[in-house]
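In our numbering, the protein residues as written are 509 to 1170.
Glycine included, every Cβ here is placed at the ideal spot set by N, Cα and C.
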């Protein structure tokens, strides 16, 4: 290589040698970047600490080793969670001479008894980071273990032991683990545990496992009308009891709820888990959904949700055929689920989650297991009482008819716009045929290369593609004249057909969903942000009505032998390497952009409704809240750079997770 290649290279801002490379040891990475482990440092992240410790206690109960859990909230933000399970082992760990197993678990990431499945058949904490992360982010932690009729204790601060493990006495009847911790104010500031939130958490866990009793206590100063000083929860009916409480006096389509439970089939003589569900269809009110895996809430649903939706949809279609309702074949999962009150809890071995905060279950086998387990019960629920079955089918078909009517009206407008010369469509748009009962979608993609892949990967009947050139105009800092003159924005407005600003009419929107699909990198995130800013400012009703979505293309493809998985970001990749591919030689392919994926990969990961994940972008309906959102958008996307600088300075701690994921 020629030396002149480097003659004019810049001098650089400083030395870069081996001393520049930091190696974070122990739990130091957790304190540096808490967002990677608990999703941030806000109130949600603070309460995630309590959930991590409670999940460990619940795992003991689900495994059959505990039947009582106690949660005590004291003044000074001090929380104690105790179970009467087996107790954390306290003997010396074979790989860490001179350290007790208790100390190893509390001070080492990726340590625990849940990787191999020997200690726990199903568990909520599989990554081996839960209690160690709690310890790392607490200024004061004390763990007591009652085991073999003896009591041991060890104290920690900010992830480090303050002394050796000690035997503090004997006890003939006590057993189990007690964890007391105080979240570190250096991490969480002056945030405090919410008694109401913890009380609700304890209550919900008791519903999820009928065999456990959970006791709640709090300091008198923390009690209120909503939160008693003491309470005991035990619900023999499980989720069905919970659903009755949620529905209350509301009238439902069927007087009897669809509820039950089912063990999954044995594989090689081993129990694969079980599923419990409870579903009601209120007549005149909005519903809600609650999804759980191994007692851990998964608010974004996932594959277990897909299994339930498939079971209910196929069951109603089959019942429609049985009762000679031919139109029932057009029922969709949204027709069945919209407005329903749904609670689903699965227990499975080695579950896979989208991130450490476990918001979404991604285990592919969960969909099949849940669908097969629920389907027979639902068929019996419908056919055992034909009047009940017909009532539910009729209510769902009414919703289906409304959907088809709205779709037909939109389709007429869409075809009219296609044929009308005065409303010509942009030449870059590859439109869908619309000759289907399924919902139509417009994918806004970044660049012609990604557009080419997307055109080959799409469903031609339902999916349209509109490529855009790089970063569109930032409408938050542009004048109205400049916005109107921008060709990319003009093409987008033409394709959507619903007008802008005061002329924006959601009823004129030509597609059911508008999906922003950009590369899974920093530039892609920037383009997605510019597009979301455009919709918020120019077409807010499209966002408010739930038509706008973000696609979630993967950044990596991991392969070991015949098994392949996709990872959305570096944290998800590390999680898969520590779980699915632990101990295996993994080939990692990084997608530099959507255009690098072949059409089959793009379809499977990002575009197919059966396998993709979409994030719906929403806006609060209240004017005051929308004003607050607008103020935030103006700060981050507007003309004044000082606003952005001040925001980043003041809120950088809360943005750690977003920066890392980007």
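ask   = Name the DSSP beta bridge partners of residue 724, please?
value = Bridge partners of residue 724: 579 and 739.
query = Between the stretch 567 to 587 and the stretch 720 to 731, do at least 3 Cβ pairs fall closer than 8 Å?
reply = Three or more beta-carbon pairs drawn from the stretch 567 to 587 and the stretch 720 to 731 are found closer than 8 Å, and the two stretches are therefore classed as touching.
task = In angstroms with no decimal places, state the Cα-to-Cα distance between residue 852 and residue 747.
result = Whole-angstrom Cα-Cα distance: 8 Å.
key: Same chain, Cβ closer than 7 Å to residue 991, five either side skipped, listed in chain order   = The beta carbon of residue 991 is closer than 7 Å to those of 981, 983 and 997 in its chain, skipping five residues each way along the sequence.
request  = Please report the Cβ distance between residue 653 and residue 610, rounded to the nearest whole angstrom; I am assuming they are in contact, meaning their Cβ atoms lie under 8 Å.
outcome  = The pair is a contact, with the Cβ atoms about 6 Å apart (cut-off 8 Å).
task = Mind checking who residue 601 pairs with in its DSSP beta bridge?
result = DSSP output for residue 601 lists 604 as bridge partner(s).
task = Could you say which of 1066, 838, 1000 and 1026 lies nearest to residue 933 if we only look at CA atoms?
result = Ranking 1066, 838, 1000 and 1026 by Cα distance to residue 933 puts 1000 first.
ask   = Can you give the Cα-Cα distance for residue 666 and residue 971, rounded to whole angstroms?
value = Computed Cα separation, rounded: 51 Å.
message = For residue 648 and residue 707, I'd like the C-alpha separation in whole angstroms.
response = The alpha-carbon of residue 648 is positioned some 22 Å away from that of residue 707.
key: Alpha carbon of residue 668 to alpha carbon of residue 615, nearest angstrom   = So the alpha carbons of these two residues sit roughly 7 Å apart.
task = May I have a chain-ordered list of the beta strand (DSSP E) segments no shorter than 3 residues that lie completely inside the stretch 935 to 982?
result = Correct list: 949 to 954 and 971 to 976.
inquiry  = So, at 6 Å on beta carbons, what are the nonlocal neighbours of residue 688 in its own chain, with the 5 sequence-adjacent residues on each side left out?
reply    = In the same chain as residue 688, and ignoring 5 residues on each side of it, the C-beta atoms closer than 6 Å to its own belong to 588 and 650, in chain order.
query = When you compare each of 896, 914 and 678 to residue 1018 by their alpha carbons, which one comes out closest?
reply = Of 896, 914 and 678, the residue nearest in Cα terms is 914.
task = Output the residue ranges of the beta strand (DSSP E) runs that lie fully inside the stretch 1021 to 1068 and measure 3 residues or longer, sorted by chain position.
result = Fully enclosed beta strand (DSSP E) runs of 3 or longer: 1021 to 1025, 1056 to 1059 and 1064 to 1068.
inquiry  = Would residue 969 and residue 938 be called neighbours here (beta carbons separated by less than 8 Å)?
reply    = No. Outside cutoff.
ask   = Do you know whose CA, among 869, 959 and 592, lies nearest residue 800's CA?
value = Nearest C-alpha to residue 800 among 869, 959 and 592: 869.
key: Strand pairing of residue 801, partner residues [DSSP]   = DSSP links residue 801 through a beta bridge to 804 and 854.
inquiry  = Cutting at 7 Å between CB atoms, please list the residues of its own chain near residue 859, excluding the five before and the five after it.
reply    = Same-chain partners within the cutoff: 634, 801, 802, 869 and 871.
message = Using a 10 Å radius around the Cβ and a threshold of 16 neighbouring Cβ atoms, would you call residue 1113 buried or exposed?
response = With 16 or more other Cβ atoms within 10 Å, it is buried.
request  = Over the uninterrupted alpha helix (DSSP H) stretch that includes residue 708, give me the two end residues.
outcome  = Going by DSSP, residue 708 is part of the alpha helix (DSSP H) stretching over 703 to 716.
Separation of residue 1052 from residue 995, as counted between CA atoms = Near 25 Å, if we compare the C-alpha coordinates of residue 1052 and residue 995.
query = Mind checking residue 713: buried by the 16 CB within 10 Å criterion, or exposed?
reply = Label assigned to residue 713: buried.
ask   = Counting only runs that start and end within the stretch 655 to 689, where is the beta strand (DSSP E) found for 3 or more residues in a row?
value = With a minimum length of 3 residues, the unbroken runs of beta strand (DSSP E) contained wholly in the stretch 655 to 689 fall at 658 to 665 and 674 to 678.
task = Just confirm the distance between the C-beta atoms of residue 953 and residue 1040, as a whole number of angstroms; I'd bet it's less than 8 Å.
result = Actually they do not touch by this definition, with Cβ atoms about 15 Å apart.
Rounded straight-line distance, which links the Cα of residue 881 to that of residue 1094 = So the alpha carbons of these two residues sit roughly 34 Å apart.
request  = Give the single residue among 839, 781, 910 and 817 whose Cα lies nearest to the Cα of residue 854.
outcome  = Looking at 839, 781, 910 and 817, the one whose alpha-carbon comes closest to that of residue 854 is 781.
query = How is the beta strand (DSSP E) around residue 766 delimited, first residue to last?
reply = Per DSSP, the continuous beta strand (DSSP E) segment holding residue 766 begins and ends at 766 to 771.
ask   = If you draw a straight line from the alpha carbon of residue 583 to that of residue 730, how long is it in whole angstroms?
value = So the two alpha carbons sit approximately 8 Å from each other.
ask   = If you drop the 5 nearest sequence neighbours on each side, which residues of the same chain put their C-beta closer than 6 Å to that of residue 1081?
value = Only 1064 and 1075 meet the Cβ criterion.
query = Which term fits residue 685, buried or exposed, when burial requires 16 or more other beta carbons within 10 angstroms of its beta carbon?
reply = By the 10 Å Cβ count, residue 685 comes out buried.
key: Cβ shell of residue 850 (< 6 Å), same chain only, five flanking positions each side left out   = Counting only Cβ-Cβ distances below 6 Å, and skipping sequence neighbours, we find 787 and 797.
Beta-bridge partners of residue 693, as assigned by DSSP = Bridge partners of residue 693: none, in fact.
key: Rounded Cβ spacing between residue 903 and residue 897 (contact assumed at less than 8 Å)   = The beta carbons of residue 903 and residue 897 sit about 11 Å from each other, so the pair does not count as a contact at 8 Å.
ask   = Roughly how many angstroms lie between the CA atoms of residue 581 and residue 899, to the nearest whole one?
value = Cα to Cα, the separation comes out at about 47 Å.
message = My assumption, with CB atoms under 8 Å, is that residue 843 sits in contact with residue 752. Please give the rounded CB distance.
response = Wrong, their Cβ atoms sit about 25 Å apart, outside the cutoff.
ask   = Does the beta-carbon of residue 758 have 16 or more other beta-carbons within 10 angstroms, so that it is buried, or is it exposed?
value = Classification for residue 758: exposed.
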